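Chains as they are written, first to last, in my numbering: chain A, 1 to 201; chain B, 1001 to 1256. No residue lacks a Cβ here, since even glycine has one placed at the ideal position from N, Cα and C. As the structure is a prediction and not an experimental result, all values here were calculated from the model.
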């Protein structure tokens, strides 16, 4: 009986210790280690379900750090001010209802996209912004770009494929719509400017 | 008669004139209002009103200021004039843009989209960064082939290019299978060097090369004849191992 009691008390002590694992109780050294690991995790690019994703989901971070949500968010807030000196921003985005974190340069960074892909993406943004009710099909894009002789058909197809893989757009029932990355990389103002510029081509 | 008197008199005459034409003034105001609405909408939607039409509209309301009295009406009149100017700017810009070549217009569009994009930063993972020479180089060459003979010749000539490339991933069982078929084919036989090309597929040749480097199979060359063995005598075991380059011609089996 006594042994059982002892075990129980040890268990409860361990639980209490785990619960006490708050940022205030983390030493500076540990915090440095944590931030270094966070930088590695948030700056990676990988492929999930054939779509490129960046950084890490909140759920995975929670599992990895064993923090509770509140603590994790506080830690990330602190981390934000830490990386801001390096010219980076921590941003969160929504992917299928889940919250994800990744890094973005606060200054200029080179884009992943090449000219043909930028044209196709710009076209889709312009179509979607000017009239949100109208569906954007591949035919409509080709009508604008291929039929008028601006681009070759295979180039458009290839660009669409690359854009889908990189997480800019996705196809839903034959219609194109934004994926998470367009929301991150293009703000509302920028989209309006693209619509403006699109009128000129 | 002082200046003031003249002014008073003239303003009196104008006011009398306006009093007489009250209905006319209302018509003018209505016209200004409608034109303001038309131009406001066109500018918002970036629709260009043609020069002649615009000039006609302007001349219609050019003397409207004489009839409009209160501040609100005057403001509307000046706003309409501002819209005329904006429309003129829009029309000129549009005309100038049309002088650019379509490719250049596309290029400016690309630059604009690129400059507006603030990409995500990443330091690890697969990259897709490559320098490009866009659009310009992408030309198609149409090859005219009239007769079916020509087509066959063409297909024969470019067989290598037309074949779809695919990378095969084999699991261990498959590799073992191929190894056993190679053993069945080769072990204990004397095969001429020239014959071996037709005997193996490229996949088998590759696996054979692997087996030789792993010393699962030993090959001895005797005057243009290859002898394959699984075991080797002691005095021969010190031979230098080397990689083997085979160029199989057995395409048919491979496609199966």
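What does DSSP give as the partner residue(s) for residue i in the beta ladder?
i                       : result
residue 1229 of chain B : B:1218
residue 95 of chain A   : A:98
residue 88 of chain A   : A:105
residue 1120 of chain B : A:104
What does residue i reach in chain A if we use C-beta pairs closer than 7 Å?
i                       : result
residue 1091 of chain B : Near residue 1091 of chain B there are no residues of chain A at all, since even the closest Cβ is about 14 Å away, more than 7 Å.
residue 1047 of chain B : Result: empty, since nearest Cβ-Cβ is about 11 Å, beyond 7 Å.
residue 1204 of chain B : Correct list: empty, because the minimum Cβ distance to chain A is about 33 Å.
residue 1121 of chain B : 43, 88, 103, 104, 105, 109
Determine the DSSP secondary structure at residue i, reduced to helix, strand or coil.
i                       : result
residue 36 of chain A   : helix
residue 1080 of chain B : helix
residue 1191 of chain B : strand
residue 15 of chain A   : Residue placement at residue 15 of chain A is flagged as unreliable, the pLDDT there being 46, under the threshold of 50; a coordinate-derived value is accordingly withheld.
residue 130 of chain A  : helix
residue 170 of chain A  : strand
residue 195 of chain A  : helix
residue 1177 of chain B : helix
residue 57 of chain A   : strand
residue 1063 of chain B : coil
residue 1057 of chain B : helix
residue 27 of chain A   : coil
residue 1102 of chain B : helix
residue 1114 of chain B : helix
residue 1108 of chain B : helix
residue 1094 of chain B : helix
residue 200 of chain A  : coil
residue 1184 of chain B : helix
residue 1048 of chain B : coil
residue 1223 of chain B : coil
residue 121 of chain A  : helix
residue 111 of chain A  : coil
Over what stretch of residues does the alpha helix (DSSP H) that includes residue i continue unbroken?
i                       : result
residue 156 of chain A  : 153-165
residue 1039 of chain B : 1022-1045
residue 79 of chain A   : 69-84
residue 1150 of chain B : 1148-1157
residue 1207 of chain B : 1202-1213
residue 1198 of chain B : 1196-1199
residue 138 of chain A  : 138-145
May I ask which residues mark the beginning and end of the beta strand (DSSP E) holding residue i?
i                      : result
residue 52 of chain A  : 51-54
residue 178 of chain A : 175-178
residue 47 of chain A  : 45-48
Cα-Cα, which of the options is closest to residue i?
i                       : options                        : result
residue 61 of chain A   : A:112, A:74, A:170             : A:74
residue 135 of chain A  : A:165, A:178, A:94             : A:178
residue 1040 of chain B : B:1028, B:1201, B:1054         : B:1054
residue 1176 of chain B : B:1100, B:1208, B:1192         : B:1208
residue 1192 of chain B : B:1107, B:1214, B:1221         : B:1221
residue 996 of chain B  : B:1043, B:1067, B:1061, B:1076 : Residue 996 of chain B lies beyond the stretch modelled for chain B, which goes from 1001 to 1256, so this question has no answer here.
residue 1118 of chain B : A:88, A:123, A:169             : A:88
residue 1186 of chain B : B:1070, B:1121, B:1229, B:1213 : B:1229
residue 1024 of chain B : B:1198, B:1068, B:1080         : B:1068
residue 122 of chain A  : A:185, A:50, A:149             : A:185
Give me the chain A residues within the contact set of residue i, using Cβ-Cβ distance strictly less than 8 Å, ordered along the chain.
i                       : result
residue 1124 of chain B : 40, 43, 44, 45
residue 1105 of chain B : 200, 201
residue 1097 of chain B : 200
Interface residues of chain B around residue i at Cβ under 7 Å?
i                      : result
residue 134 of chain A : Correct list: empty, because the minimum Cβ distance to chain B is about 16 Å.
Run down chain B in chain order and give the residues with a C-beta less than 9 Å from the C-beta of residue i.
i                     : result
residue 54 of chain A : 1120, 1121, 1122, 1125
residue 66 of chain A : Within chain B, no residue comes near residue 66 of chain A; the closest Cβ sits about 24 Å away, beyond 9 Å.
Chain C contacts made by the region 1107-1119 of chain B, where a contact means CB separation under 7 Å: Chain labels in this structure do not include chain C; the protein chains are A and B.
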